[in-house]
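Student:
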Amino acid sequence: MLVISDRLDDDPVGLHPCPVPRLQLPSPLFNSEEYQRAPLVLLDDRSHTDFTLRHMPRRPGLIVVLADPDDATVYPRAAALGAEAVIRAGEGLGWLHLRLHDATGCRYVRWEALLGPPPAASS
């Protein structure tokens with residue numbers, strides 16, 4: 000997964016711990032191959048302007064992450080990019096984690112953590 004964010008903190012889009020490997024780069028530093036190859040791209044809305052200056056092609060799996068819940072302008076901007084969804088940072092994590100696992104063929108799902116311990120054998 001590619002996270003495009005110009006913020007320097009560890010979790011600019013509110014992803015929290017997730018086992019899916021991610022590459023986090025500022026808008027000017029990712030290349031078109033990384034952008035096209037990533038199974039999913041999360042774009043920090045605060046990096047929208049710099050991202051649009053790159054003139055990247057539309058692609059499936061682009062999700063815009065909204066940091067300011069009062070910014071209604073994000074929806075038309077996300078639609079102009081061809082984004083499949085807009086989510087708020089730190090919210091909808093269940094959906095996002097499922098989408099991440101789906102995009103990566105569920106290779107990083109920790110099934111044992113989700114399913115719990117196996118039942119005890121009866122004697």
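Under numbering that gives the first Met the number 0, the first residue of the sequence shown carries the number 0, and numbering increases by one thereafter. C-beta atoms are modelled at their ideal positions from N, C-alpha and C, and glycine is treated no differently.
(1) Report the rounded CA-to-CA distance for R57 versus L80, giving the unit in angstroms.
(2) Does DSSP classify R36 as helix, strand or coil?
(3) Taking the alpha-carbon of D125 as reference, which of L52, T103, A88 and D70 has the nearest alpha-carbon?
(4) Count the other C-beta atoms from every protein chain shown that fall within 10 angstroms of the C-beta of L28, then say buried if there are 16 or more, exposed otherwise.
(5) Which residue marks the beginning of the beta strand (DSSP E) containing A84, and which one marks its end?
(6) What residue range is occupied by the uninterrupted beta strand (DSSP E) comprising L65?
(7) Beta-carbon separation of I86 and L95 under 8 Å?
(8) Buried or exposed for L22, going by 16 or more other Cβ atoms inside 10 Å?
(9) Do R6 and R53 have their C-beta atoms within less than 8 Å of each other?
(10) Output the boundary residues of the beta strand (DSSP E) element that contains V19.
(11) Thinking just about the alpha-carbon of each residue, which of L24, P18, M55 and R36 is nearest to the one in A159?
(12) Just how far apart, CA to CA, sit L130 and L14?
Tutor: Reading it off the structure:
(1) 6 Å
(2) helix
(3) Any question about residue 125 goes unanswered here, given that the chain covers just 0 to 122.
(4) So L28 ends up on the exposed side.
(5) A84 to R87
(6) L61 to L65
(7) yes
(8) exposed
(9) no
(10) Segment: none, V19 is in no beta strand (DSSP E) and carries neither H nor E.
(11) In the structure as shown, the chain begins at 0 and stops at 122. Residue 159 is therefore absent and cannot be evaluated.
(12) The structure shown does not extend to residue 130, since the chain is modelled only from 0 through 122, so no value can be given for it.
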